[in-house]
Amino acid sequence: MERTRLVIGNWKMELSYGGQLELARSIKQLLPSVSKNVDIVICPSYPVLAAVREVLHGGVLALGAQHVHWEERGAWTGEVSVSQLASLVAWCIVGHSEQRHLTGMTDEQVCATAHLLLQQGITPVVCVGETREEHDTEVTIGKVTAQVAALLRTTTRTSLSKLVIAYEPIWAIGSGEMPDPEEAASVMLLIRKLVAEQFDNEVAERVRVIYGGSVSARTAASYVTEPGVDGVLVGGASLKPRDFIEIVRLVATGTS
Ligand code: PGA
Numbered sequence: 001m002e003r004t005r006l007v008i009g010n011w012k013m014e015l016s017y018g019g020q021l022e023l024a025r026s027i028k029q030l031l032p033s034v035s036k037n038v039d040i041v042i043c044p045s046y047p048v049l050a051a052v053r054e055v056l057h058g059g060v061l062a063l064g065a066q067h068v069h070w071e072e073r074g075a076w077t078g079e080v081s082v083s084q085l086a087s088l089v090a091w092c093i094v095g096h097s098e099q100r101h102l103t104g105m106t107d108e109q110v111c112a113t114a115h116l117l118l119q120q121g122i123t124p125v126v127c128v129g130e131t132r133e134e135h136d137t138e139v140t141i142g143k144v145t146a147q148v149a150a151l152l153r154t155t156t157r158t159s160l161s162k163l164v165i166a167y168e169p170i171w172a173i174g175s176g177e178m179p180d181p182e183e184a185a186s187v188m189l190l191i192r193k194l195v196a197e198q199f200d201n202e203v204a205e206r207v208r209v210i211y212g213g214s215v216s217a218r219t220a221a222s223y224v225t226e227p228g229v230d231g232v233l234v235g236g237a238s239l240k241p242r243d244f245i246e247i248v249r250l251v252a253t254g255t256s
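The sequence shown begins at 1 in my numbering and counts up by one.
Structure follows, in structure tokens:
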């Protein structure tokens with residue numbers, strides 16, 4: 001099966017309004033030299049989404065949001081709903097560990113969000129992963145299995161092929177520490193196995209599974225050359241245009 005790989009830049013809350021516009025322009029400008037066999041998504045902050053959308057117009061870069069609320073509407077001061085995002089983005093990160101931590105977002109709320117996004121034709125990028133303590137006490141498999149099982153219980157066969165699962169060990173995010181590529185790939189293989197058990201091999205083959213946590217231009221290749229790894233979710237390194245483009249190149253070609 002022909003696979004389209006995926007690179008997502010998660011800009012978090014790191015840059016000013018103008019800084020994000022500048023970064024979007026730089027990435028767009030550097031991109032034409034890059035292979036087309038890859039979806040490239042950037043996720044700026046809410047206030048700048050509309051302006052970045054203008055910048056990206058006519059190019060290959062896609063726009064995503066970093067988070068959205070799990071309720072359709074209501075008295076949720078400061079929150080943003082899926083329908084409010086629908087005309088702006090084609091992708092949305094769901095259940096990033098920083099949001100799970102901040103809002104106490106549960107697996108059920110993550111699943112509800114993914115469901116609403118799929119209804120609106122927005123691709124959810126659902127983050128799963130273990131804490132450092134869970135990793136050190138070797139309960140990674142149990143933790144990731146529970147998160148993925150919750151997702152699979154509420155997702156249909158058709159919608160699953162439109163969804164992305166990002167394995168992000170929480171201890172690897174922003175820390176410069178990473179699991180061995182083989183270790184990360186084995187967890188990602190487990191995710192695909194869970195999908196196959198719930199549905200079948202065809203769906204498991206189609207779902208895109210990506211790795212996130214301290215990915216850089218130096219480390220990306222060793223992860224994306226592992227079997228079953230469809231791409232990367234990049235935080236810090238996505239703020240440096242040349243590094244981000246290099247990561248895109250590595251992912252697109254699957255080589256170092
Ligand atoms: P990092 O962030 O690449 O800076 O570790 C990844 C993420 O939080 O998605």
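Just so it is clear, CB atoms sit at the ideal spot from N, CA and C, and this is done for glycine as well. Just so we're clear, the structure is a prediction, and the values are computed from it rather than from any experiment.
Is it right to say R218 is buried, meaning 16 or more other beta carbons lie within 10 angstroms of its own, or is it exposed?
Locating residue 218 in the sequence shown gives position 218, where the first residue counts as 1. Classification for R218: exposed.
Return the Cβ separation of V195 and V203 in integer angstroms, given the expectation that the two are a contact with Cβ distance under 8 angstroms.
Reading the sequence shown from its first residue, position 195 is the one you call residue 195. Reading the sequence shown from its first residue, position 203 is the one you call residue 203. Correct: roughly 6 angstroms between the Cβ atoms.
Does the Cβ-Cβ distance between V215 and D230 come in under 9 angstroms?
As a working note, residue 215 is residue 215 in the sequence shown. As a working note, residue 230 is residue 230 in the sequence shown. Cβ atoms of V215 and D230: not closer than 9 angstroms.
Here's the rule I'm using: 16 or more other beta-carbon atoms within 10 Å means buried, otherwise exposed. How should A252 be labelled?
Along the sequence shown, read from residue 1 onward, the residue named residue 252 stands at position 252. The residue is buried, with at least 16 neighbouring Cβ atoms inside 10 Å.
Please classify A184 as buried or exposed, where buried requires at least 16 other C-beta atoms within 10 Å of its C-beta.
Looking up residue 184 in the sequence shown gives position 184. That one is buried.
Spatial neighbours of P181 in its chain, beta-carbon cut-off 6 angstroms, leaving aside the 5 residues before and after
The residue given as residue 181 occupies position 181 in the sequence shown. Excluding sequence neighbours, P181 sits near S222, Y223 and E226.
Is K12 close to the ligand PGA? I mean its beta-carbon at under 8 angstroms from any heavy atom of the ligand.
Reading the sequence shown from its first residue, position 12 is the one you call residue 12. Yes, Cβ of K12 sits closer than 8 angstroms to a heavy atom of the ligand PGA.
For D39, the first and last residue of its enclosing beta strand (DSSP E):
Locating residue 39 in the sequence shown gives position 39, counting from the first residue. Element bounds for D39: V38 to C43.
Please report the distance separating the alpha-carbon of V80 from that of I173.
Numbered from its first residue, the sequence shown carries residue 80 at position 80. Numbered from its first residue, the sequence shown carries residue 173 at position 173. One C-alpha to the other measures close to 25 angstroms.
Taking DSSP as the reference, what is the three-state secondary structure of R208?
Locating residue 208 in the sequence shown gives position 208, counting from the first residue. Strand, per DSSP.
Beta-carbon separation of V128 and G176 under 9 angstroms?
Working through the sequence shown from its first residue, we reach residue 128 at position 128. Working through the sequence shown from its first residue, we reach residue 176 at position 176. Going by C-beta atoms, V128 is not nearer than 9 angstroms to G176.
Suppose contacts are defined by Cβ-Cβ distances below 9 angstroms. Is D107 in contact with Q66 by that definition?
Within the sequence shown, the letter at position 107 stands for residue 107. Within the sequence shown, the letter at position 66 stands for residue 66. No, these two residues do not count as a Cβ contact at 9 angstroms.
Taking the beta strand (DSSP E) that A65 belongs to, which residues open and close that run?
Reading the sequence shown from its first residue, position 65 is the one you call residue 65. A65 -> beta strand (DSSP E) spans A62 to A65.
Alpha carbon of P169 to alpha carbon of E205, nearest angstrom
Position 169 of the sequence shown, counted from the start, is the residue given in the question as residue 169. Position 205 of the sequence shown, counted from the start, is the residue given in the question as residue 205. Going by the C-alpha atoms only, they are around 22 angstroms apart.
What alpha helix (DSSP H) runs, 4 residues minimum, are completely inside the segment 71-157?
82-85, 97-103, 107-119, 132-136 and 140-153
Tell me which residues share the same chain as T4 and place their Cβ nearer than 6 angstroms to its Cβ, disregarding the 5 neighbours each side in the sequence.
By one-based count along the sequence shown, residue 4 stands at place 4. Excluding sequence neighbours, T4 sits near D39.
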